[in-house]
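Residue numbers (this note's numbering): 216 to 473. Written out below as structure tokens is the structure these notes cover.
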Amino acid sequence: MCSINFSGLAYIRKVRRKAVPTIGVICDRDDEKGEIIHTLEMLAARNGFNCSVCILDREAAADEKRDILWNDITCVILDREDRDSAFRCAEMLWNRAQTLLIIYVAHKVEDIVAALGMPFFHIVRRFGLEQDLEAAFRKLDKVRMSAADKVKFTQNGQTLLISSREILYVESEHHEIRLHLTTEVLTIRENLSQCEERLKSRGFVRIYRSFLVNMYHIRCLEKESALLDNGERLYVSRRRYPEVKLLFENYIRRLDFI
């Protein structure tokens, strides 16, 4: 089932609560705007995805009171025939929201070359719109999936977003909780039970009262220890071992390479 919905600025937050990606379109020519919308409809039908399209105007992009708007938009397709005007608009958008993903529509080869110096998420050719937009959305889907893998933690009042694959294990010692990552060790505010609640659906298992381990990084599971792929060996309690063994066997069966 696929669909594409159209909304004005007032309805963006309503669309976002449905977890549907919202695509903003900024275009200064009605005929080209219509072509972009038609292309999005075809891509939605062909690939079976749902999305909402929001038509943005110059005033919306420039309005400083609408900062919350950009947090609700997955990406913006920017199509202006005048390259300098498009680049100024992009800079203005990034001033509103630094992490906003912008897909730039280039009208000429010279536009493509000039755009390479800008931090656009993707550059599409006006004369290859359908093909290039499809590639852009495949790339966008990978980015969104990567973002979905991030887990939120708190350190010194600051929010951390960490990929679950980067976490080797979580350790509790004297009420201090440490995240052992593949590259570093971080101390976080959450307790071990909170970490377990967030991570148990991502392949983590409690092997001992002090350790919550990512099964992705277990190289070998033995009765009293788990050997990780970085060479560390962690204690597994005898009481927990049967459950851990069963969970680990079920986990490895689900991995892509099994």
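Positions of the beta carbon are idealized from the N, C-alpha and C atoms, including for glycine.
{"Item": "How is H432 classed by DSSP in three states: helix, strand or coil?", "Value": "helix"}
{"Item": "Taking Cβ to Cβ, would you say R404 is nearer than 8 Å to T369?", "Value": "yes"}
{"Item": "Taking the alpha carbon of D326 as the point to measure from, which residue in I338, I317, E411 has its own alpha carbon closest?", "Value": "I338"}
{"Item": "With DSSP as the reference, identify every bridge partner of H395, one or two as the case may be.", "Value": "Y384, V400"}
{"Item": "Using the rule of at least 16 other Cβ atoms within 10 Å of the residue's Cβ for burial, across every protein chain shown, is R303 buried or exposed?", "Value": "exposed"}
{"Item": "Beta-carbon separation of S387 and R417 under 8 Å?", "Value": "no"}
{"Item": "Let me know if N445 comes out buried or exposed under the rule of 16 or more other beta-carbons within 10 Å of its beta-carbon.", "Value": "exposed"}
{"Item": "Measure the C-alpha to C-alpha separation of Y319 and D246 and round it to an integer number of angstroms.", "Value": "17 Å"}
{"Item": "Closer than 7 Å to a non-hydrogen atom of the ligand COA - does that hold for the CB of E399?", "Value": "Annotation note on the ligand COA: not contained in the displayed structure, which lists no ligands."}
{"Item": "Identify which residue in A330, L394, C290 has its Cα closest to the Cα of A321.", "Value": "A330"}
{"Item": "Do you know offhand how far V366's Cα is from K415's?", "Value": "12 Å"}
{"Item": "I'd like to check one pair, A259 with C266: are the Cβ atoms closer than 8 Å?", "Value": "yes"}
{"Item": "State yes or no: is the C-beta of L383 within less than 8 Å of the C-beta of L396?", "Value": "yes"}
{"Item": "Helix, strand or coil, according to DSSP, for Q373 in the structure here?", "Value": "strand"}
{"Item": "Is H253 helix, strand or coil when you go by DSSP?", "Value": "helix"}
{"Item": "Kindly indicate which residue of V420, V451, I317 has the alpha-carbon position closest to the one of F463.", "Value": "V420"}
{"Item": "Closer than 8 Å is the cut-off here; do at least three beta carbon pairs connect the stretch 449 to 463 with the stretch 406 to 415?", "Value": "no"}
{"Item": "Check the C-beta distance from V451 over to I422 and give it rounded, since I have them as a contact under 8 Å.", "Value": "4 Å"}
{"Item": "Under 8 Å, do I238 and T314 count as touching if we go by C-beta distance?", "Value": "no"}
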